[in-house]
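Student: Quick one: the structure is below, and I'll ask about it shortly.
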Amino acid sequence: MLDLAETEARIGLTMETVSLTELINEACDLYQALASDNDVKLENQIEENLLTSGNKQFLQRLIGNLLDNAIKYTPSSGRVTIDHEVVGDDVLIRVADTGIGISKTDLPNIFQRFYRCDQSRSKPGTGLGLSLAQAIAKAHWGNISVKSEISRGTQFTITLPLQAG
Numbered sequence: 042m043l044d045l046a047e048t049e050a051r052i053g054l055t056m057e058t059v060s061l062t063e064l065i066n067e068a069c070d071l072y073q074a075l076a077s078d079n080d081v082k083l084e085n086q087i088e089e090n091l092l093t094s095g096n097k098q099f100l101q102r103l104i105g106n107l108l109d110n111a112i113k114y115t116p117s118s119g120r121v122t123i124d125h126e127v128v129g130d131d132v133l134i135r136v137a138d139t140g141i142g143i144s145k146t147d148l149p150n151i152f153q154r155f156y157r158c159d160q161s162r163s164k165p166g167t168g169l170g171l172s173l174a175q176a177i178a179k180a181h182w183g184n185i186s187v188k189s190e191i192s193r194g195t196q197f198t199i200t201l202p203l204q205a206g
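So the mapping is simple: this note's numbering equals the position in the sequence shown, first residue as 1, plus 41.
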């Protein structure tokens with residue numbers, strides 16, 4: 042809760058040039074073991090040198106949260122993919138999975154503090170991860186959006202401003 046409140050207030054957010062490419066590669070390396078343990082294929086398709094101005098620790102938490110959720114809610118033999126698209130002065134980072142999906146009734150609520158979808162209640166968690174992810178994206182002059190379909194998967198898209206490199 043304290044991290045969430047501090048992020049929303051931008052307290053302790055020291056900004057610097059951050060290589061999103063490096064950060065995402067490190068996160069994928071870290072989460073590869075969890076994916077393998079769950080028989081989920083983790084595909085990293087980040088290729089360009091993507092730079093932004095931000096707080097590396099908070100951006101790591103944002104990417105890590107989305108990867109962790111994607112792996113946790115993807116059944117065995119599924120896939121989690123992280124890729125990007127540059128649109129104007131922004132980068133769109135997409136974390137997509139072939140997981141259980143989120144119902145249309147739950148989608149409007151998933152970024153609320155302590156909200157847990159019915160299908161996620163059997164998994165450990167507090168319902169704060171996506172609230173924190175959204176707060177981090179907004180603290181970095183960005184946004185986060187989601188598309189999902191039950192039994193087909195979910196795609197989170199983080200939009201962040203690019204920094205010229």
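Beta carbons: idealized from backbone N, C-alpha and C, even for Gly.
Does the stretch 136–153 come close enough to the stretch 73–80 that 3 or more CB-CB pairs lie under 8 Å?
Tutor: Flag = no, the stretch 73–80 and the stretch 136–153 do not touch.
Student: Based on Cα-Cα distance, which residue from S189, T198, G183, L171 lies nearest to R102?
Tutor: Nearest C-alpha to R102: L171.
Student: When the Cα of N106 is compared with those of L173, S189, Y156, which residue comes out closest?
Tutor: N106 has its Cα closest to that of L173, out of L173, S189, Y156.
Student: Quick test of the definition: if touching needs 3 or more C-beta pairs under 8 Å, does the stretch 85–105 touch the stretch 146–157?
Tutor: Taking 8 Å as the limit for Cβ pairs, the verdict is that the stretch 146–157 does not touch the stretch 85–105.
Student: Given that a residue counts as buried once 16 or more other Cβ atoms are within 10 Å of its Cβ, and exposed if not, what is Q211?
Tutor: Beyond the ends of the chain as shown, which are 42 and 206, falls residue 211; an answer cannot be given.
Student: Secondary structure at R193, three-state DSSP: helix, strand or coil?
Tutor: Three-state DSSP puts R193 in coil, outside helix and strand.
Student: Who pairs with I202 in a beta bridge, going by DSSP?
Tutor: The amino acid at residue 202 is misidentified as Ile; the sequence shows Pro. D131, per the DSSP bridge assignment.
Student: Thinking C-alpha only, which one of G183, S94, I177, E57 is nearest Q204?
Tutor: Among G183, S94, I177, E57, the Cα nearest to that of Q204 belongs to S94.
Student: Can you tell me whether I191 is buried or exposed, with buried defined as 16 or more other CB within 10 angstroms of its CB?
Tutor: Classification of I191: exposed, given that the 10 Å Cβ count is below 16.
Student: Would M42 be called buried (16 or more neighbouring beta carbons within 10 Å of its own) or exposed?
Tutor: Unreliable placement is indicated for M42, whose pLDDT of 43 sits below 50; the coordinate value is still reported in the next sentence. Label assigned to M42: exposed.
Student: Determine the contact status of I185 and Q196, defining contact as a CB-CB distance below 7 Å.
Tutor: In this structure, Q196 does not lie closer than 7 Å to I185 by Cβ.
Student: Could you tell me the alpha carbon to alpha carbon distance between S189 and S118, rounded to whole angstroms?
Tutor: S189 and S118: Cα-Cα distance of roughly 19 Å.
Student: Alpha carbon to alpha carbon, how far is I177 from T55? Give it in angstroms, no decimals.
Tutor: Each residue's alpha carbon lies about 13 Å from the other.
Student: Could you please give the first and the last residue of the uninterrupted beta strand (DSSP E) stretch that includes N85?
Tutor: Here the beta strand (DSSP E) through N85 covers 82–85.
Student: Distance, Cα to Cα, T58 vs I112?
Tutor: The alpha-carbon atoms of T58 and I112 are separated by roughly 28 Å.
Student: Do G183 and T207 come within 7 Å of each other at the CB atom, strictly closer than that value?
Tutor: In the structure as shown, the chain begins at 42 and stops at 206. Residue 207 is therefore absent and cannot be evaluated.
Student: Specify, as a first and last residue, the run of the alpha helix (DSSP H) that T58 falls within.
Tutor: Unbroken run through T58 is the beta strand (DSSP E), 57–60; no alpha helix (DSSP H).
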